[in-house]
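K.L.:
Numbered per the working numbering, the sequence shown spans residues 1255 to 1482.
In this text, a Cβ means the ideal position worked out from N, Cα and C, and glycines have one as well.
Please read through the structure below; I'll follow up with questions.
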Amino acid sequence: MAKRKLKRFADVETFDNVAKPTMEEAMSDSFALKGKWNSDYFKNENPIVLELACGKGEYTIGLAKNYPNKNFIGIDIKGARLWAGAKYATENKMSNVGFIRTRIDFITCLFGPQEVSEIWITFADPQPQKNRARKRLTGNRFLDRYRIIMKSGGKVNLKSDSDFLYEFTKEVVAEGNLKVEVDSANIYEELVPGLGDAPLAKDLLIRTYYEQRWLNEGKKIKFISFVP
Ligand SMILES: C[S@@+](CC[C@H](N)C(=O)[O-])C[C@H]1O[C@@H](n2cnc3c(N)ncnc32)[C@H](O)[C@@H]1O
């Protein structure tokens, strides 16, 4: 493994703003912060918003700046990626930011019932192969988990370059008769210009590492916000 990556792994172990549940904690009810993120980590009663597949955590950081009265938690399995967001939040003393290095699959062991107000899924792997369908973060398997930890009426926001994941999500939403709040297959041409100075415009202008890569390749960025 590259030296830099190893150093980042080691750093993440020392960051106070990165929770690193053990396998046993992630698969049982023994994770200390489950149901206690507000009281024991953030020490306030503000709403909790998750960024799933957060990578370097650009949305966790960007939204935390846009909404100082909300709390943001980025989740990703790759510690060397989380490092960037966790380091930035540490250096900038961002008290409304946290990260969890774990598999999103364990989410119901990391949060209590209705502990989460909103979820962002940013440029998740589309998992187009049939035998990986269960890994799609907007599939029913995951939506059922989100329903357990989310407050009633909370939104799931998917931002993606992938036609496949976007169309798949729209099918899941239609089949489940779920309420759609916003939907655009080409946000920078069709959605953002019409939003004026609405808060969503600022949120959608946050760019992640992967988004920038896909934009450079001329891909259109999609967004769908729905209530699971
Ligand atoms: C294509 S990257 C996107 C990263 C970031 N959101 C961005 O836009 O730059 C997908 C990320 O999802 C993470 N990931 C995929 N499946 C996961 C899972 N089940 N649990 C945790 N992380 C996962 C990967 O580690 C990777 O960092």
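(1) Can you round the beta-carbon distance between L1304 and I1327 to whole angstroms, since I take them to be within the 8 Å contact cut?
(2) So what does R1355 bridge to, in DSSP terms?
(3) With a threshold of 16 other CB atoms inside 10 Å of the CB of K1257, please say whether the residue is buried or exposed.
(4) From K1324 to I1315, what distance separates their C-alpha atoms?
(5) I need the boundaries of the alpha helix (DSSP H) containing F1418, first residue and last residue.
(6) Just checking my contact of S1438 with F1480 at CB under 8 Å: how many whole Å lie between their CB atoms?
(7) Determine the direct distance from the alpha carbon of G1333 to that of E1267, and round the result to whole angstroms.
(8) Tell me the rounded alpha-carbon separation between F1365 and S1284.
(9) Looking at the unbroken alpha helix (DSSP H) that takes in K1259, where does it start and where does it end?
(10) Looking at Y1463 and ligand 1, is the gap between the Cβ and the nearest heavy atom below 7 Å?
(11) Buried or exposed: P1482, going by 16 or more other Cβ atoms within 10 Å of its Cβ?
(12) Do N1411 and V1351 have their C-beta atoms within less than 8 Å of each other?
P.N.:
On the basis of the coordinates in this document:
(1) Taking the first residue of the sequence shown as 1, we reach residue 1304 at position 50. Taking the first residue of the sequence shown as 1, we reach residue 1327 at position 73. Confirmed, Cβ separation roughly 5 Å.
(2) In the sequence shown, residue 1355 corresponds to position 101, counting from 1. According to DSSP, R1355 bridges with D1330.
(3) Indexing the sequence shown from 1 puts residue 1257 at position 3. That one is exposed.
(4) In the sequence shown, counting from the first residue as 1, residue 1324 sits at position 70. In the sequence shown, counting from the first residue as 1, residue 1315 sits at position 61. Using only the alpha carbons, I get a separation of about 12 Å.
(5) Here the question's residue 1418 lines up with position 164 in the sequence shown. Counting along the chain, the alpha helix (DSSP H) containing F1418 begins and ends at 1417-1429.
(6) The residue labelled residue 1438 in the question sits at position 184 within the sequence shown. The residue labelled residue 1480 in the question sits at position 226 within the sequence shown. About 13 Å separates the Cβ atoms of S1438 and F1480, ruling out a contact at the 8 Å cut-off.
(7) Position 13 of the sequence shown holds residue 1267. Position 79 of the sequence shown holds residue 1333. Distance between the alpha carbons of E1267 and G1333: 9 Å.
(8) What you label residue 1365 is simply residue 111 of the sequence shown in a count that begins at 1. What you label residue 1284 is simply residue 30 of the sequence shown in a count that begins at 1. Between F1365 and S1284, the C-alpha separation is close to 11 Å.
(9) The residue you call residue 1259 lines up with position 5 of the sequence shown. It spans 1257-1268 - the alpha helix (DSSP H) in which K1259 sits, taken as one unbroken run.
(10) Position 209 of the sequence shown holds residue 1463. True, at least one ligand heavy atom lies under 7 Å from that Cβ.
(11) Counting from 1 along the sequence shown, the entry for residue 1482 is found at position 228. Answer is buried; the Cβ neighbour count reaches 16.
(12) Position 157 of the sequence shown, counted from the start, is the residue given in the question as residue 1411. Position 97 of the sequence shown, counted from the start, is the residue given in the question as residue 1351. No, Cβ-Cβ distance for N1411 and V1351 is not below 8 Å.
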